[in-house]
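In our numbering, the protein residues as written are 3 to 394.
We put the beta carbon where it would ideally sit given N, CA and C, even for glycine.
Encoded as structure tokens, the structure appears first; notes follow it.
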Amino acid sequence: MTTLAVPPSLLAQAVAVRRDLHMHPELAFEEHRTAGIVAERMRALGLEVHERIGQTGVVGLLDGAQPGPTIMLRADMDALPLTEENDVPYVSRNPGVTHACGHDAHVAMLLGAVEVVRERRGELCGRIAFVFQPAEEGGGGALAMLEEGLIERFAIERAYGLHVTTIFPSGAFALRPGPLMAAVDSFDLVVEGVGGHGAMPQRAVDPVVVAADLVGGLQRIVSREIDPIEPAVITIGAINGGTTYNVIPPRVALKGTVRTFDQATRDTMEARIRRIAEHTCAAANATCSLAWHPSYPVTANDPHEAAFVRATLAAHFGAERVLESPPVMGSEDFSYFAQAVPACFWFLGAGDDEHRFPNHHPAFDIDETALGAGIAAHVAVALAGAARGSGP
Ligand SMILES: [Zn+2]
Ligand SMILES: [Zn+2]
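Have a look at this one:
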């Protein structure tokens, strides 16, 4: 086991960066201050810096002494629209916005890694693209960068990224080959009937009754049409229609979410929801309109890359610190990078007795000593990944 120690001064610097970003959180595609700090720091370290890719995205390129492939390491920069409930000196100064998902830590760790890899560039074969992306929280910042040609422009061959979580103990890592995080889609379903008097249903087409049929009917997709060993969830989160006791409303609007771990299952869910909605409405003489809102795809780790990351982390930190993660129902737009090139995404534990609130909780905070493990993990994967050369 070769330990890759992060010097205390670098850890202190990462903590300071993280706290500064934590105090000044910015929402999706508004990460101007954060992106400015990232670009300035990388420029000061002599990297070739490209800004405004996918609006506020930043890429820093670092060339090794030897030729080799270009691999990317990714950090997301955006915060969440909620008010922080922590009593810490570095509490958010921006009301209604907080880094409750730890993206401040992601930026601080990747900047720390830039520094270490730069010092060790004599060992580096190829080029590292340090990718700081906007808008992970629902905005699809990864896709925005890809649509501006991120992969082709910098000839990126492989992608790696990590996410802090309090689910795992501080300094531990967790990953799995194949699907790690779910795909999420949402939909709006409007049932159009014919309004009327509550005492004369025969002169109306009641969309409330149709909506009730739909809630039950849609649940049967999961129980009757999806392989029982394949995870799939459908939730109707809102039903809105009607105003009073004795009026049949003309329409009812439903909102729902679907989570899946497999693209074929995801496609099946959309098709079945559409079929059941149309036919249930038609059977009642109502009509329906379904607006499908595709969100992030499944975050699937390339098995070869997952094995590589596991072996690399185990070599540096010991196999006992590299856990097998179960599939997680959360979603990640790193999934778009993983669709573009072979990739691996993993979790970095940052929880302890003091830091146990889950990501997205208003009191989410992390054990900052985990930042050292995150920096070292980025560096280890960068150096070993580039040393592998091109191809699998
Ligand atoms: Zn999040
Ligand atoms: Zn996140």
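Next on the checklist: If I measure Cβ to Cβ from A185 and keep anything under 6 Å in the same chain, skipping five residues before and after, which residues do I get?
Outcome noted: T262, R268, P299, V300
Item to check | Identified DSSP bridge partners for E194 | outcome: R253, T289
Checklist entry - Closer than 6 Å from C-beta to any heavy atom of ligand 2: which residues, in chain order? => result C103, H105, E138, H165
Checklist entry - Can you find a heavy atom of ligand 1 that lies under 7 Å from the Cβ of H363? => result no
Next on the checklist: I'd like to confirm the pairing. Which residues does DSSP put opposite Y162 in its beta bridges?
Outcome noted: L75, C346
Item to check | Run of the alpha helix (DSSP H) containing Q135, from where it starts to where it stops | outcome: Taken as a continuous stretch (DSSP letters only), Q135 belongs to no alpha helix (DSSP H), being part of the beta strand (DSSP E) at 127-135.
Next on the checklist: Could you pull the DSSP bridge partners for T301 from this structure?
Outcome noted: M183
Checklist entry - Is Y247 buried or exposed, if buried means 16 or more other CB atoms sit within 10 Å of its CB? => result Exposed, since its Cβ has fewer than 16 Cβ neighbours within 10 Å.
Checklist entry - DSSP state of A201, grouped into three classes? => result coil
Checklist entry - Which residues does DSSP pair with L64 in a beta bridge? => result I130
Item to check | Euclidean distance between Cα positions of G219 and A284 | outcome: 14 Å
Next on the checklist: When you compare the CB positions of D187 and P296, do they come within less than 8 Å of one another, or not?
Outcome noted: yes
Item to check | Secondary structure, alpha helix (DSSP H): runs of 4+ residues fully inside the segment 5-41 | outcome: Within the segment 5-41, the complete alpha helix (DSSP H) runs of at least 4 residues are 10-25.
Item to check | Simplified DSSP state of M3, which is helix, strand or coil | outcome: The predicted model places M3 with a pLDDT of 46, which falls under 50 and marks its position as unreliable; any figure quoted below should be read in that light. DSSP places M3 in coil when its eight states are reduced to three.
Checklist entry - Below 8 Å, can you find three or more Cβ-Cβ pairs linking the segment 379-392 to the segment 61-73? => result At 8 Å Cβ cutoff, the stretches touch.
Checklist entry - Nearest CA to the CA of E194: which residue from V207, A18, E322, E326? => result V207
Checklist entry - In chain order, what residues of the same chain have a beta carbon less than 6 Å from the beta carbon of M3, not counting five sequence neighbours either side? => result At M3 the pLDDT is 46, less than 50, meaning the model places this residue with poor confidence; the figure from the coordinates comes in the next sentence. The residues are G320.
Checklist entry - For the candidate residues S225, A340, G141, F347, whose alpha-carbon lies nearest to that of D80? => result G141
Checklist entry - Helix or strand or just coil, what does DSSP make of A382? => result helix
Item to check | Sheet register partners of E326 (DSSP bridge) | outcome: L177
Next on the checklist: Once DSSP output is grouped into helix, strand and coil, what is the label at F156?
Outcome noted: helix
Next on the checklist: Once DSSP output is grouped into helix, strand and coil, what is the label at H108?
Outcome noted: helix
Item to check | Three-pair Cβ contact test at 8 Å for the segment 21-37 versus the segment 89-98 | outcome: yes
Checklist entry - L113 by DSSP, collapsed to three states: which one? => result helix
Next on the checklist: Can you tell me whether R390 is helix, strand or coil according to DSSP?
Outcome noted: coil
Checklist entry - Skipping 5 residues on each side, what residues in its chain have a beta carbon closer than 6 Å to that of L12? => result G114
Checklist entry - Going by the CB atoms, is the gap between F175 and W348 shorter than 8 Å? => result yes
Item to check | Span separating the alpha-carbon of P181 from that of E53 | outcome: 31 Å
Next on the checklist: Which same chain residues end up closer than 6 Å to D367 when comparing Cβ atoms and leaving out the 5 residues on each side of it in sequence?
Outcome noted: Within the same chain, D367 has close Cβ partners N88, H357.
Item to check | Cβ contact (3+ pairs, closer than 8 Å) linking the segment 331-346 and the segment 157-170 | outcome: Contact between the segment 331-346 and the segment 157-170 is established, with three or more Cβ pairs separated by less than 8 Å.
Checklist entry - M183 and S333: beta carbons closer than 8 Å? => result When the beta-carbon positions are compared, M183 and S333 come within less than 8 Å of each other.
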